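Asker: Please find one structure pasted underneath; my questions will follow.
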Amino acid sequence: MLFADWLETPIGPLLVAASETHLLSVEFCDGEPEPAPVERLGRKLGLPIGEGMSPALQQALSELRDYFSGRSGAFHVPLAYDGSAFERRVWEHLLTVPLAETCSYGDIARALGDLQLSRAVGEANHVNRIPIIIPCHRCIGSDGSLTGYGGGLWRKKWLLRHEGQMRPVGLFAIEGK
Numbered sequence: 006m007l008f009a010d011w012l013e014t015p016i017g018p019l020l021v022a023a024s025e026t027h028l029l030s031v032e033f034c035d036g037e038p039e040p041a042p043v044e045r046l047g048r049k050l051g052l053p054i055g056e057g058m059s060p061a062l063q064q065a066l067s068e069l070r071d072y073f074s075g076r077s078g079a080f081h082v083p084l085a086y087d088g089s090a091f092e093r094r095v096w097e098h099l100l101t102v103p104l105a106e107t108c109s110y111g112d113i114a115r116a117l118g119d120l121q122l123s124r125a126v127g128e129a130n131h132v133n134r135i136p137i138i139i140p141c142h143r144c145i146g147s148d149g150s151l152t153g154y155g156g157g158l159w160r161k162k163w164l165l166r167h168e169g170q171m172r173p174v175g176l177f178a179i180e181g182k
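To convert a position in the sequence shown, counted from 1, into this note's numbering, add 5.
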């Protein structure tokens, strides 16, 4: 069963979707009528659309609200993602990149054992269905440039600046501040 809701954010509306127990998707939606993206996502995932909220959806929405308000950069909602073994390894590596820090596509390829896989890392980022929480926006070019982002480079820039403002500073830093 697919449970979905909209979250208004400073970077536009997000369609957040979950099963009963796991977050499935966070999608940037620009200018689409409300029911269409939910129905499309249900067809894409092969899941019927449920009524109301699941515990996983409630948790994801709460954690995303905390993120956008600057209260916390931590996400604990269980994730369900499919993809190739390589894509899953890229996403799992991205989950280790700390808040307000970046890495290059080459850094990830090197960490996965083959610097020649930089482009494949970019492709894995491109098909990431859970942006922000699987922080593909933290992946940048080896020269420090902002490179592609499915939500648009302006969103990537906003997310990185936002996280920079939440960066913990000092010994007594509060999580997410």
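Every residue gets a Cβ at the ideal spot worked out from N, C-alpha and C, and that includes glycine. Quick caveat, the model's predicted, so the values are computed rather than measured.
Could you tell me the alpha carbon to alpha carbon distance between Val185 and Phe8, rounded to whole angstroms?
Answerer: Outside the modelled stretch of the chain, which goes from 6 to 182, sits residue 185, for which no answer is possible.
Asker: Whole alpha helix (DSSP H) runs in the region 79 to 163 with 4 or more residues, listed along the chain?
Answerer: Qualifying alpha helix (DSSP H) stretches, in chain order: 90 to 99, 110 to 116 and 123 to 131.
Asker: Using only alpha-carbon positions, find the residue among Met171, Lys162, Tyr154 and Gln170 that is nearest to Glu32.
Answerer: Comparing Cα-Cα distances from Glu32 to each of Met171, Lys162, Tyr154 and Gln170, the minimum goes to Tyr154.
Asker: Would Ser157 and Pro136 be called neighbours here (beta carbons separated by less than 8 Å)?
Answerer: In the sequence as presented, Ser is not what sits at residue 157; that position holds Gly. It is not a contact, given that the beta carbons lie outside the stated cut-off.
Asker: Quick check on Leu84: buried or exposed, where buried means 16 or more other Cβ atoms within 10 Å of its Cβ?
Answerer: It is buried - the Cβ of Leu84 has at least 16 other Cβ atoms within 10 Å.
Asker: Give the range of the beta strand (DSSP E) segment to which Asp10 is assigned.
Answerer: Phe8 to Leu12 is the extent of the beta strand (DSSP E) around Asp10.
Asker: Please classify Glu44: does DSSP put it in a helix, a strand, or coil?
Answerer: Looking at Glu44 - three-state DSSP - the assignment turns out to be helix.
Asker: Out of Val82, Arg134, Lys162 and Arg115, state which residue places its alpha-carbon closest to the alpha-carbon of Ala65.
Answerer: If we check each option's Cα against that of Ala65, Val82 comes out closest.
Asker: To the nearest angstrom, how far is it from the Cα of Glu68 to the Cα of Val95?
Answerer: Straight-line Cα distance between these residues: approximately 23 Å.
Asker: Quick one: give me the first and last residue of the beta strand (DSSP E) that Leu29 is part of.
Answerer: Its beta strand (DSSP E) spans residues Leu28 to Phe33.
Asker: Taking the beta carbon of Lys49 as the centre, do at least 16 other beta carbons fall within 10 Å, making it buried, or is it exposed?
Answerer: Counting Cβ neighbours within 10 Å, Lys49 comes out exposed, since fewer than 16 surround it.
Asker: In terms of residues, what are the limits of the alpha helix (DSSP H) holding Leu66?
Answerer: Per DSSP, Leu66 belongs to the alpha helix (DSSP H) from Pro60 to Ser74.
Asker: Drop a sphere of 10 angstroms on the beta-carbon of Leu164, count the other beta-carbons inside from all chains shown, and report buried for 16 or more, exposed for fewer.
Answerer: So Leu164 counts as buried.
Asker: Buried or exposed for Arg45, please, with buried defined as at least 16 other CB atoms from any protein chain shown within 10 angstroms of its CB.
Answerer: Exposed, since its Cβ has fewer than 16 Cβ neighbours within 10 Å.
Asker: Pull up the distance between the alpha-carbon of Ala61 and that of Trp11, whole angstroms please.
Answerer: Taking the straight line from one Cα to the other gives about 14 Å.
Asker: Going by the CB atoms, is the gap between Ile138 and Leu52 shorter than 8 Å?
Answerer: The answer is no: Cβ separation not under 8 Å.
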